[in-house]
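**Student:** Residue numbers (my numbering): 8 to 383. Using N, Cα and C, we set each Cβ at its ideal position, and we do this for glycine too. Predicted model, so just to flag it, every value in this text is computed and none were measured.
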Amino acid sequence: MKNRFKQVIPIAMRFLKGRFEKKIIWSLISFGTLIIGQSFTQNWWINFVIDMYNDHFNRNMPYPVDSSQVWNVLLSLLAGGSLIVLAIYFYFRTKNREKLKPMLLIQHSSIQMISYSNINKDLSDYNLEQYPLNQLEEFKSMDRVHIYHALREQEKTINRIASRIDGSSGVEVAYMGLAHIPVTMLLGYQLSDKSSPMFYEWNQNELIWEQIESKPNFKFPILFLEKKDTQQEIQSTREVVVKIGITYPIGDEDIQELQFQNLNSYYLHLNPPHRNAVISSEQLKTYKKNFRDLLDQINQRYPQLQTIHLFYSGQPSLAYTLGSAISSRMDVDIWIYNHVRNESPKYKWGIKLPKENTSLELKINEMRVNIVQSEY
8 MKNRFKQVIP IAMRFLKGRF EKKIIWSLIS FGTLIIGQSF TQNWWINFVI DMYNDHFNRN
68 MPYPVDSSQV WNVLLSLLAG GSLIVLAIYF YFRTKNREKL KPMLLIQHSS IQMISYSNIN
128 KDLSDYNLEQ YPLNQLEEFK SMDRVHIYHA LREQEKTINR IASRIDGSSG VEVAYMGLAH
188 IPVTMLLGYQ LSDKSSPMFY EWNQNELIWE QIESKPNFKF PILFLEKKDT QQEIQSTREV
248 VVKIGITYPI GDEDIQELQF QNLNSYYLHL NPPHRNAVIS SEQLKTYKKN FRDLLDQINQ
308 RYPQLQTIHL FYSGQPSLAY TLGSAISSRM DVDIWIYNHV RNESPKYKWG IKLPKENTSL
368 ELKINEMRVN IVQSEY
């Protein structure tokens, strides 16, 4: 019952909001007209009696003039006119508000079918433009052809979004995603210089999308950094491992089948990791800075570094945000791996974030193939 009530509230608000605005406008106009109209009404029956008397007795009795009535007319004109002007201002204010606030809704799914209609925020102030990115069919079959197609479709969607944003002012972007980590991070990486979106997370208990809002007074948990940086000599290090554990811990045993046990590693994590940990925009900004600082530290420490292997466990909003923190110019090649609990190896496939004029690369079962030319 509680869940249904939460779902009904946003729909009801969107339905009633336009009606309330029209009622306010017409009420202001009606009251303004009524006030002005009443100011000109006099005791008409007195005037009628005087007319009859003058005609019958051939007299010239004047109509009674009350000096206070003049002021009453002036004040009524001022008050009624002000209400009508306010109604006109309110009409154009509410009408133009939608035109000034276009919002691009990126609806990203590759894990399960999901509805994007249940949102915990009233978005009636926005002119919503939907950009669906549905990769469900492609990821049912983990093979090169299907993943190739998914990534090509993602690139087309990115180009459409970029074209819509470029040269436009006041365009807001919202991300609503439930997709595999590599393609989510890739999306943030591809759009990093195009927009700074707001995020909605899927609450699977309440079956509703909930916005990650600003909560300046909320004290969120900090990230801890564990280093294992004595496995390799600094001058000879060409590959390192970076793990980020937000929702679930990422143990060394989870990635040992990939033969990375001899690489230096860095583990950025909550203590302890837990579900639905990220609930504020300040959290996203802070964790993004923590991640960016770690990448800078790694880049400076290893002069011969060529590759970072990235493993992530966390919410889609943070995955997108961390992807947007990666620089194609400053950072080395970064591989992002996807976790499947019942597979062997658990991180069975991954993609390498593309740089300018280089191919996006896919790895499945340790077999690499170039699959698509990218502009990023």
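Please determine if the segment 212-230 and the segment 277-295 are in contact, where contact requires at least 3 C-beta pairs separated by less than 8 angstroms.
**Tutor:** yes
**Student:** By DSSP, does T365 sit in helix, in strand, or in coil?
**Tutor:** Position 358 of the sequence shown, counted from the start, is the residue given in the question as residue 365. Three-state DSSP puts T365 in coil, outside helix and strand.
**Student:** Tell me the start and end of each unbroken beta strand (DSSP E) in the segment 270-306 that is at least 3 residues and wholly inside, in chain order.
**Tutor:** 271-276
**Student:** Can the beta-carbon of H276 be found less than 8 angstroms from the beta-carbon of I251?
**Tutor:** Taking the first residue of the sequence shown as 1, we reach residue 276 at position 269. Taking the first residue of the sequence shown as 1, we reach residue 251 at position 244. Contact: yes.
**Student:** Just grab the DSSP bridge partners of T314 for me.
**Tutor:** Residue 314 sits at position 307 when you count from the first residue of the sequence shown. Under DSSP, T314 forms a beta bridge with E246 and D340.
**Student:** Is DSSP giving N61 helix, strand or coil here?
**Tutor:** Stepping through the sequence shown from its first residue, residue 61 is reached at position 54. Helix.
**Student:** L230 to L111, Cα distance in whole Å?
**Tutor:** Position 223 of the sequence shown, counting from 1, holds the residue named residue 230. Position 104 of the sequence shown, counting from 1, holds the residue named residue 111. L111 has its alpha-carbon roughly 31 angstroms from the corresponding atom of L230.
**Student:** Note down, in chain order, each residue of its chain lying with its Cβ closer than 6 angstroms to the Cβ of E105, except the 5 sequence neighbours on either side.
**Tutor:** Translated into positions along the sequence shown, residue 105 becomes position 98. In this predicted model, E105 has a pLDDT of only 46, less than 50, meaning its place in the structure is not dependable enough to derive any value.
**Student:** Using 8 angstroms as the cut-off, can you tell me whether the segment 339-352 makes contact with the segment 307-320, which would need three or more C-beta pairs spanning the two stretches below that distance?
**Tutor:** yes
**Student:** Hey, S116 and Q142: beta-carbon distance below 8 angstroms or not?
**Tutor:** Within the sequence shown, residue 116 is the residue found at index 109, counting from 1. Within the sequence shown, residue 142 is the residue found at index 135, counting from 1. Their beta carbons are under 8 angstroms apart, which means S116 touches Q142 by this criterion.
**Student:** What runs of the beta strand (DSSP E), each 3 residues or longer, lie entirely inside the segment 130-214?
**Tutor:** 134-141, 179-185 and 205-210
**Student:** Name the residue from R245, I215, L325 and Q161 whose alpha carbon lies nearest to the alpha carbon of L367.
**Tutor:** Within the sequence shown, the letter at position 360 stands for residue 367. Closest option to L367, judged by alpha-carbon separation, among R245, I215, L325 and Q161: Q161.
**Student:** On the CB-based measure, 16 or more other CB atoms within 10 Å of its CB, does E145 come out buried or exposed?
**Tutor:** Reading the sequence shown from its first residue, position 138 is the one you call residue 145. Answer is buried; the Cβ neighbour count reaches 16.
**Student:** Within the continuous alpha helix (DSSP H) that includes L329, where are the two ends?
**Tutor:** Here residue 329 corresponds to residue number 322 of the sequence shown, with the count starting at 1. Element bounds for L329: P323 to A332.
**Student:** E240 by DSSP, collapsed to three states: which one?
**Tutor:** Taking the first residue of the sequence shown as position 1, residue 240 is located at position 233. E240 falls in the coil class under three-state DSSP.
**Student:** Throw me the rounded Cβ distance for the S335 and G195 pair, which I believe falls under 8 angstroms.
**Tutor:** Counted from its first residue, the sequence shown places residue 335 at position 328. Counted from its first residue, the sequence shown places residue 195 at position 188. Contact doesn't hold; Cβ gap of about 13 angstroms is too wide.
**Student:** E260 lies in the alpha helix (DSSP H); which residues open and close that run?
**Tutor:** As a working note, residue 260 is residue 253 in the sequence shown. Run containing E260: D259 to I262, per the alpha helix (DSSP H) assignment.
**Student:** Have a look at Y138 and F97 and give me their C-alpha separation to the nearest angstrom.
**Tutor:** Locating residue 138 in the sequence shown gives position 131, counting from the first residue. Locating residue 97 in the sequence shown gives position 90, counting from the first residue. Computed Cα separation, rounded: 32 angstroms.
**Student:** CB-CB under 7 angstroms to N67, same chain, minus the five flanking residues each way: which ones, in chain order?
**Tutor:** Mapped onto the sequence shown, residue 67 falls at position 60. Within the same chain, N67 has close Cβ partners N61.
**Student:** Nearest-angstrom Cα distance between I371 and M149?
**Tutor:** Taking the first residue of the sequence shown as 1, we reach residue 371 at position 364. Taking the first residue of the sequence shown as 1, we reach residue 149 at position 142. I371 and M149: Cα-Cα distance of roughly 8 angstroms.
**Student:** Taking the alpha-carbon positions, what's the I188 to P256 distance?
**Tutor:** Within the sequence shown, residue 188 is the residue found at index 181, counting from 1. Within the sequence shown, residue 256 is the residue found at index 249, counting from 1. If you take the alpha carbons of I188 and P256, they lie about 15 angstroms apart.
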